[in-house]
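Chains as they are written, first to last, in this note's numbering: chain B, 220 to 312; chain Y, 815 to 1780; chain A, 799 to 1211. Report on the following structure.
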Amino acid sequence: MKIMPCPLNGPRNISEFVCGGDVKEMPNPESCSDLEWANYVFIHKNPAGVVDEWWCHTPTAYWFVARRNTVTEEILETFTAQQYFGASQGEPA
Amino acid sequence: MSHPVTPRLGDGFGLFIDRNKPVSFRFDGKTFTGLDGDVITSALAGVGTTMISRSFKYHRPRGLLSLAGHDANSIVKVGKEPNVFADLTPISEGLDVHSVNTAGSLNNDRMAILDLFGRFLPVGFYYRSFFKPGKAWKFWEPLIRRMAGLGVIDPDTPHGYFDKAYGFYDVVVVGGGHGGMNAAIEAARDGASVLIIEEAPLLGGALNYMRLDADGTQGMAICRELLSEIESSANIEIMTNTTATGLFTDGWVAAVRGNRLYKIRAGAVVVAAGAVEQPAVFRNNDRPGIMLASAASRLMRLYGVTPGSNGIILTANDDGYGLALDCLDAGVAVTAILDLRTSPPDTPMRLKAKSAHITIHDAAGIAKALGKCRVNGVVISNIDEDGAWTTVGKTLPCDFVAMAVGYTPNGALIWQGGGWFNYDSDAAYHMVSSLPTGVHAAGMVNGVFEPGLCAADGRRAGASAGAGNPSTVERLDDSSLGRVNHPYPVFSHPKAKDFVDFDEDLQTKDLINGLSQGYRDVQLLKRFSTLGMGPSQGRHSNVNAIRLIARIEGKAEDEVGATTTRPPYRTEKMGVLAGRSFEPIRRTAMHHRHIEAGAQMMPAGAWMRPAYYGPKENAKALIAEEVMGCRGNLGLIDVSTLGGLDVRGPDAAELVNRMYTWAYANQDVGRGRYLLMTEEAGVVIDDGVACRFADDHFYLTATTSGVDGVYRQMLLWNAQWRLNVDITNVTGAYAGVNIAGPNARKALAKVCDDVDISADGFPYMGVRQGTVAGIPARLLRVGFVGELGYEIHVPAHHGEALWDALMQAGAEFSIRPFGVEAQRVMRLEKGHIIIGQDTDGLTTPFEADMGWAVAKKKPFYIGKRSVDIQNASPAHRRLIGFRLTDKSAPCPEECHLVMDGETITGRVTSAVRSPSLDEVVGLAYVPVAIAEAGGTFTIKLGDGQRVEAQVSPIPFYDPDNKRQEL
Amino acid sequence: MPFTLIKNGLKNNASDIVDFPRQPDLKSSYDVIIVGAGGHGCAAAYYLARDWGIKNVCVIDKGYLGGGNTARNTAIIRSNYLTAEGVAFYKESMDLFKELDRELDINLMYSERGHLTLAHNDASIRTSRWRAEVNKQLGVDSELLYTDDVARVCPQLNVSQDVRYPILGALYHPPGAIARHDAVAWGYARDAIRMGAEVHQKTPVTDVIVEGGRVKGIQTDKGPVYADKVLQAVAGSSSLLAGMAGLELPIRTIPLQACVSQPYKPILDTIIVSGSLHIYVSQSSRGEFVMGGSTDPYPLYSTRSTLDFKEGLMSHMLELFPFLSEARIMRQWAGMADMSPDFSPIMGLTPIENYYIDAGWGTWGFKATPVSGKRMAECVATNKQPALLEPFRLSRFDNFTLTAEKGAASVGH
């Protein structure tokens, strides 16, 4: 079983986590085109290589970002949301 | 009747057995006696039973081959357990062993006639036959299907007890032989915790049975020394009789001992699993009595049983001579040693064999074996310089043949973990070429055979693993390797049976034909011929097959590649993998009250909820009574399973506003408001009620099965937004009830005196905090069932007390508990939807006719843009309420179809014969064109009958909602 | 004994049969290049030749013939889908399958076993009824059974109601079948080659050549190969190949694992699926229990195995078949599945002219091999989206017109 190094809980079995999908930037829903929005909702980069994803440690309901290689299954680095996005309060749009 | 114990070999033999403990067991109904420590195969050999099984395809007699579980020959049935490897299974008193895959008996197998029809059953024959003409396959298939498989599964087999255990070690050494013991000692030297996993009952591996020197003393001496070193180490643990079946990512080792699965996390793994001896391929090489040299050695040294009385040893290395000397020590005659090499080196063991006057033929092999149920002789063939078969020589009698022509690394765990081996033509051996992270290889699996080097290689790997160094492909150079493995021990006979794969009854010509038919890739050939697909997964067949393919295709063996080795290394019982199957059930605080009241419980997600109260046979009437009880008087339902989320903090309203479709920013404190949630694609996924208890405190309800997902989504979004809120899933922390009916207020008044529950003081959709029966409570005036009602949520441990207090308070109003079924009826009478039943994976709020719950002016909520995009194009369907025009027509069931002629245009999502209205009402998706009130449409029932329905405004019951607002 | 066996036997052996002659060197251009020599790609080549006379076709694959998901699936064939368009599509596939052994002259061991999709809760009963009603209306043999009838169809099932997930009912689909999956690819490839196509194995495509919005060919390690039209049929690697052509897809690549038991004498005739327990199982013509579950929990381009998959699957296997606790697992493996947002394939035209896609096959591609081959061939030959493939067009995601199969998403094999 793979080990996920959780920024909050330390290294744990990956069965304790769920993958929340790619970290992707939301286009401005008020100004983007329909197609841009549809692509945001449905398209996945799905790379064979490094990807940044949301992961949640389910027993503690803690979300963080993991940088992972989708070919080797190696987990390269994990980040708290604050580390990843910086300190400013994000806005929905 | 028990057979006498056949005498076993004396001193120096029989390491695993206890000569003083006879054990009787049965084989095919006859009782035999073996010794404690015997495996089934050795015990059978001990009483002179040579034939163990019939082969898969031709039903040929088969006997002991590897004595290591590397072939299907030793598959038997034990008690009710089918497909057991007799090589690996100890005997115990009364063990009931049966042969498998025979029609009739082992000795008299009617299917053995298939052996004569081999020419008509070439490789892949089933792809080219049985399907023409017409429906021929329908005729042949059942007949062929009957021939499939080996053991019989008894459908009455009881589910045994199985469980799991966990382990954590710095270093796990797989294989407690020469390399592994050295690795463990070295790994533990600086304090690392070390576990040795060994399949045999004792450590030692080949040291316990293989002759390393002419005197035959070296192996045991080395073993004794290593054992004492291991015993003196405080941090080495040993698991014997344990098989490491799998190696997965990040040092996750699966090991099986008996009925227990050990899941072991290893900081580093040293694979020191040794090597698997390989058979030679020649005509009738499958006759019982023909075995690997290591099997013969094991039989004598570990179990004290002789492989026969006069043997032929076919060799291409020193091991054959070692075995010959063992035979001499054991008093077993060796008719001859046939050495495949033209000029073998005169090693000390060969010289000793010569001086003992054992007949040795160099440049000689076996043209064919004689005998049927047991080998009784061989015809010698002469071999030229290139190792090819030239002329046929004389016939030699024998009653066993031992083959010592080389090995292949026992590297399954390395392959599984993602490592790789490349075939080294000079060494005629697969060499590790890459290792998985944290995995080290040592000893014979790593291509190091010479005993001194093997020990040193173990030390090297152990030191590296113990120090936590990254794994590197390294080995101590063993120049003897080229003298261990014969490069091509294949002497095919075009007309006769010469087996490459014993499990699958594959002969050289099968592979040659497969290649010539165009299945040239080794993977394709495997799939076409079934090479290596049997119970031993190619462990005795893949290497010779690769050599054969290389010859035929004119390639190097390494270019041929290899088929993929997959877990498990050895078969694993389903029960071992399943363990004790933990599937938790959630019960509400009032669960026992429901049971006492005779409730029929039903699952709701992980929870159990009362469906209705009373015996099953009265279900329909009971549900109607529960409905009428609530509508007429007073009802009580346990709603503890509903989700509850506390959102607190200055940004609480902002968070709720972003997560749900309606507007919550300006919601008044003390008020509840319907919640509707869509996902990013605009599909409805949950609903509930937002209760605002303070400016900075919302209590949100959610559906039973949806709450965990909703909670997780909120946290995910807020990980990005980082609003100043705290979100807590309090579902399990609260128990809840809904007390509903015209007398609800009167009943509540008896147990609640700190909340003004008057119609004005606590109006519909109000929310309050106070106490009920002295229990701190959250009160929600909501109307899911459409009557005056209060949801009361209290800390879960007070749930039962709350239930009791309300039952008591309601007694004078004939309070009646009701279950999920009655609630479903009542909510449908009110036209309330259930997410997941009245919505599906594509339903948008507008399709569900919930546009009223979508704030049009809000700049954002999850899914808003998607909802807007979809709402901009004409909708195709809408969820509507309907009544059947004929009140006596049968009630449709959920998911009966809405039809326009023969075209499916929609479906019923909910329908019920309403006890309150005495007519059928329901919800359905219909085309937008007919979705206006008064429109009619047709519903097709399950039996094909069609009924007419009319679109009807909802609610059906109490259309002005007066009752819930009393 | 059938005549063919005797005939071949008397000829001494079958060595004069050559299914796959050695292929000529890769040419510099073809009329059509099909990337992916799995069942779908080979079937498309076959129907291009048979139905449209297009024979100058190259099927190219980085691995061996049929070595991707064709080799790794659990060979279940059914047509009991939820939507009219789904049913129509898979029904055509099943109809083609039933005649396919004689058409391709190879025994596919197509075996109608009956297919039970178990329901352990109200929601599954509802979905089963929905599928049954749609199927019946569209002429597909399906019905909703309750517990007692489920036990009659498959007496081996544990139908006790005193278990954690009791069987309340099932969707029964009598024509549900299994077949020898490898042979399907072999049969199509062999006949496509006989009609003139070439199949080039072990030849990775390194790029897709697109000029002015139109595909021109592909790049390989043996140099460029040009073609008027290119079809991609590389389930598991769809995003990567499409990416070479400049397309982004609504697909995530997620491993799907499976395992087999040792061979046992046949005891389970029916194909059993349980969405709630995430399991599907049948017993093969070799006597092995072939078992699979849900896809892995996260995307990965790898066919590695995990222990937890097996543990979870066996736990649920024994819920259904407690008497199998002593039976043994022999081998586990994995494939890479293209998961689409609406559990439906992505087929047909793309924004790149003359570049066609056959992707998004998730965990259900094998059963569609004949129909997707046939209809993708039509699409390639006519450069038009065939009506049957209309619901599966790539552009459906642009305007949120997903297929309604999403409505009944569960384990769908």
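C-beta: ideal position from N, C-alpha, C; glycine also.
Worksheet item: Closer than 7 Å, CB to CB, is D253 (chain B) near chain Y or not?
Response: The residue you call residue 253 (chain B) lines up with position 34 of the first sequence. By this cut-off, D253 (chain B) is an interface position.
Item to complete: Determine the burial state of Q959 (chain A): buried for a count of at least 16 other Cβ atoms within 10 Å of its Cβ, exposed for fewer.
Response: Counted from its first residue, the third sequence places residue 959 (chain A) at position 161. With fewer than 16 Cβ atoms within 10 Å of its Cβ, Q959 (chain A) is classed as exposed.
Discussion item. For Y975 (chain Y), count the other beta carbons within 10 Å of its own beta carbon; 16 or more makes it buried, fewer makes it exposed. Which is it?
Written reply: Along the second sequence, read from residue 1 onward, the residue named residue 975 (chain Y) stands at position 161. Under this definition Y975 (chain Y) is an exposed residue.
Item to complete: Select from Y:T1057, Y:V1497, Y:P1308 the residue whose C-alpha is nearest the C-alpha of D1140 (chain A).
Response: Taking the third sequence and counting its residues from 1, one reaches residue 1140 (chain A) at position 342. When each option's Cα is compared against that of D1140 (chain A), the closest is Y:V1497.
Discussion item. Restricting to Cα atoms, I'd like to know which of Y:G1412, Y:A1516, Y:F841 is closest to T1455 (chain Y).
Written reply: Position 641 of the second sequence holds residue 1455 (chain Y). Nearest of Y:G1412, Y:A1516, Y:F841 to T1455 (chain Y), Cα basis: Y:A1516.
Item to complete: Select from Y:N1260, Y:E1264, Y:P1265 the residue whose C-alpha is nearest the C-alpha of A1275 (chain Y).
Response: Position 461 of the second sequence, counting from 1, holds the residue named residue 1275 (chain Y). Residue Y:N1260 is the option with its Cα nearest to A1275 (chain Y).
Discussion item. Within a Cβ cutoff of 6 Å, which residues of the same chain sit near K860 (chain A), ignoring the five residues on either side of it in sequence?
Written reply: Working through the third sequence from its first residue, we reach residue 860 (chain A) at position 62. Once the five neighbours on either side are set aside, the close Cβ partners of K860 (chain A) are P1002.
Practice prompt. Output the residue ranges of the alpha helix (DSSP H) runs that lie fully inside the segment 942 to 984 of chain A and measure 4 residues or longer, sorted by chain position.
Written response: Within the segment 942 to 984 of chain A, the complete alpha helix (DSSP H) runs of at least 4 residues are 945 to 951.
Fill in: Cβ shell of S909 (chain A) (< 8 Å), same chain only, five flanking positions each side left out
Within the third sequence, the letter at position 111 stands for residue 909 (chain A). So the qualifying residues of the chain are A975, I976, A977, S1083.
Worksheet item: Any idea what DSSP makes of L1656 (chain Y), helix, strand or coil?
Response: The residue given as residue 1656 (chain Y) occupies position 842 in the second sequence. Correct three-state label for L1656 (chain Y): coil.
Fill in: Separation of L930 (chain Y) from K1309 (chain Y), as counted between CA atoms
Position 495 of the second sequence, counting from 1, holds the residue named residue 1309 (chain Y). Position 116 of the second sequence, counting from 1, holds the residue named residue 930 (chain Y). If I take the Cα positions, the gap works out to 12 Å.
Fill in: Contact set between the segment 1181 to 1198 of chain A and chain B, restricted to residues whose Cβ is under 9 Å from the partner
F1195, D1196, N1197, F1198
Item to complete: With DSSP as the reference, label S1080 (chain A) as helix, strand or coil.
Response: Position 282 of the third sequence, counted from the start, is the residue given in the question as residue 1080 (chain A). Three-state DSSP puts S1080 (chain A) in a strand.
Worksheet entry | 9 Å Cβ cut-off: residues of chain A touching N245 (chain B) | Position 26 of the first sequence, counted from the first residue, corresponds to residue 245 (chain B). The amino acid occupying residue 245 (chain B) in the given sequence is Met; Asn does not appear at that position. Under the 9 Å cutoff, chain A gives no residues; its nearest Cβ is about 16 Å from M245 (chain B).
Worksheet entry | Buried versus exposed call for S1687 (chain Y) [16 or more other C-beta atoms within 10 Å across all chains shown] | Taking the second sequence and counting its residues from 1, the one referred to as residue 1687 (chain Y) is at position 873. In the assembly as shown, S1687 (chain Y) is an exposed residue. Its beta-carbon has fewer than 16 other beta-carbons within 10 Å.
Discussion item. Which residues in chain Y have a C-beta closer than 8 Å to the C-beta of L1038 (chain A)? List them in chain order.
Written reply: The count along the third sequence starts at 1 and reaches residue 1038 (chain A) at position 240. What L1038 (chain A) touches in chain Y: nothing, since even the nearest Cβ is about 20 Å away.
Item to complete: Check whether the segment 1431 to 1451 of chain Y touches the segment 1644 to 1654 of chain Y, taking contact to mean three or more Cβ pairs, one atom from each stretch, closer than 8 Å.
Response: no
Worksheet item: Under three-state DSSP, which class holds P1211 (chain Y)?
Response: Locating residue 1211 (chain Y) in the second sequence gives position 397, where the first residue counts as 1. In the three-state scheme derived from DSSP, where H, G and I count as helix and E and B as strand, P1211 (chain Y) is classed as strand.
Worksheet entry | Of the listed residues A:Y1078, A:L1147, A:T1148, A:H998, nearest to S912 (chain A) (C-alpha basis) | Reading the third sequence from its first residue, position 114 is the one you call residue 912 (chain A). It is Gly, not Ser, that sits at residue 912 (chain A) in the sequence shown. Ranking A:Y1078, A:L1147, A:T1148, A:H998 by Cα distance to G912 (chain A) puts A:Y1078 first.
Worksheet item: Which chain B residues sit within Cβ distance under 7 Å of Y1525 (chain Y)?
Response: Within the second sequence, numbered from 1, the residue matching residue 1525 (chain Y) stands at position 711. Around Y1525 (chain Y), the beta-carbon contacts reaching into chain B at under 7 Å are A280.
Fill in: Exposure label - H1612 (chain Y); buried when at least 16 CB within 10 Å
The count along the second sequence starts at 1 and reaches residue 1612 (chain Y) at position 798. Burial state of H1612 (chain Y) is buried, judged by a 10 Å Cβ sphere holding 16 or more other Cβ atoms.
Discussion item. By alpha-carbon positions, which one of Y:D1238, Y:F830, Y:V1008 ends up nearest to I905 (chain Y)?
Written reply: As a first step, residue 905 (chain Y) is located in the second sequence; it is residue number 91 there, counting from the start. Looking at the Cα atoms, Y:F830 is the closest of the given residues.
Worksheet item: Touching or not, the segment 1272 to 1289 of chain Y and the segment 1330 to 1344 of chain Y, by the rule of three or more beta carbon pairs under 8 Å?
Response: no
Discussion item. Going by C-alpha to C-alpha distance, which of Y:D1570, Y:L1128, Y:K1323 sits closest to T1173 (chain Y)?
Written reply: On the second sequence, residue 1173 (chain Y) is found 359 positions in, with the first residue counted as 1. It is Y:L1128 whose Cα lies nearest to the Cα of T1173 (chain Y).
Worksheet item: Do you know how far the Cα of R231 (chain B) is from the Cα of S1208 (chain A)?
Response: Here the question's residue 1208 (chain A) lines up with position 410 in the third sequence. Here the question's residue 231 (chain B) lines up with position 12 in the first sequence. Note on S1208 (chain A): pLDDT 43, under 50, position unreliable in the model; the coordinate value appears next. Each residue's alpha carbon lies about 29 Å from the other.
Worksheet item: Where does F982 (chain Y) sit, in a helix, a strand or coil, going by DSSP?
Response: Within the second sequence, numbered from 1, the residue matching residue 982 (chain Y) stands at position 168. Strand.
Discussion item. Please state the DSSP three-state secondary structure of K1000 (chain A).
Written reply: In the third sequence, counting from the first residue as 1, residue 1000 (chain A) sits at position 202. For K1000 (chain A), the three-state secondary structure derived from DSSP is coil.
Item to complete: For L1391 (chain Y), return the contacting residues in chain A, with the cut-off set at a CB-CB distance below 7 Å.
Response: For the purposes of this step, residue 1391 (chain Y) is taken as residue 577 along the second sequence, with counting starting at 1. K1108, E1109, M1112, I1127, listed in chain order.
Worksheet entry | Reference A1025 (chain A), options A:Q821, A:M1042, A:T1167, A:N854, closest by Cα | For the purposes of this step, residue 1025 (chain A) is taken as the residue at position 227 of the third sequence. Selection A:Q821, A:M1042, A:T1167, A:N854 evaluated against A1025 (chain A) yields A:N854 as nearest (Cα-Cα).
Discussion item. Between D849 (chain A) and the ligand PLP, is there a pair consisting of the residue's CB and a ligand heavy atom that are separated by less than 6 Å?
Written reply: For the structure depicted, the ligand PLP is absent and the ligand set is empty, with no information on it obtainable.
Worksheet item: Using a C-beta cutoff of 7 Å, does P311 (chain B) count as contacting chain A?
Response: In the first sequence, residue 311 (chain B) corresponds to position 92, counting from 1. Low confidence applies here, because P311 (chain B) scores a pLDDT of 42, under 50, leaving its location unreliable; read the following figure in that light. By this cut-off, P311 (chain B) is not an interface position.
Worksheet entry | Three-state secondary structure (DSSP) of P818 (chain Y) | Taking the first residue of the second sequence as 1, we reach residue 818 (chain Y) at position 4. Note that P818 (chain Y) scores 48 on pLDDT, short of 50, meaning its location in the model is unreliable; the coordinates nonetheless yield the value given after this. Reduced to three states, the DSSP call for P818 (chain Y) is coil.
Discussion item. Can you list, in chain order, the residues of its chain with a C-beta nearer than 7 Å to that of L1026 (chain Y)? Leave out the 5 residues immediately preceding and following it.
Written reply: The residue labelled residue 1026 (chain Y) in the question sits at position 212 within the second sequence. Answer for L1026 (chain Y): Q1032, G1033, P1265, listed in chain order.
Worksheet item: Quick check: the segment 1407 to 1425 of chain Y against the segment 1119 to 1135 of chain A, are there 3 or more CB pairs under 8 Å?
Response: no
Worksheet item: If we count the other Cβ atoms within 10 Å of its Cβ and call it buried at 16 or more, is W1666 (chain Y) buried or exposed?
Response: Translated into the one-based positions of the second sequence, residue 1666 (chain Y) becomes position 852. By the 10 Å Cβ count, W1666 (chain Y) comes out exposed.
Worksheet entry | F236 (chain B) classed as buried or exposed, judged by whether at least 16 other C-beta atoms fall within 10 angstroms | Within the first sequence, residue 236 (chain B) is the residue found at index 17, counting from 1. Residue burial annotation: F236 (chain B) is buried, with at least 16 other C-beta atoms found within 10 angstroms of its C-beta.
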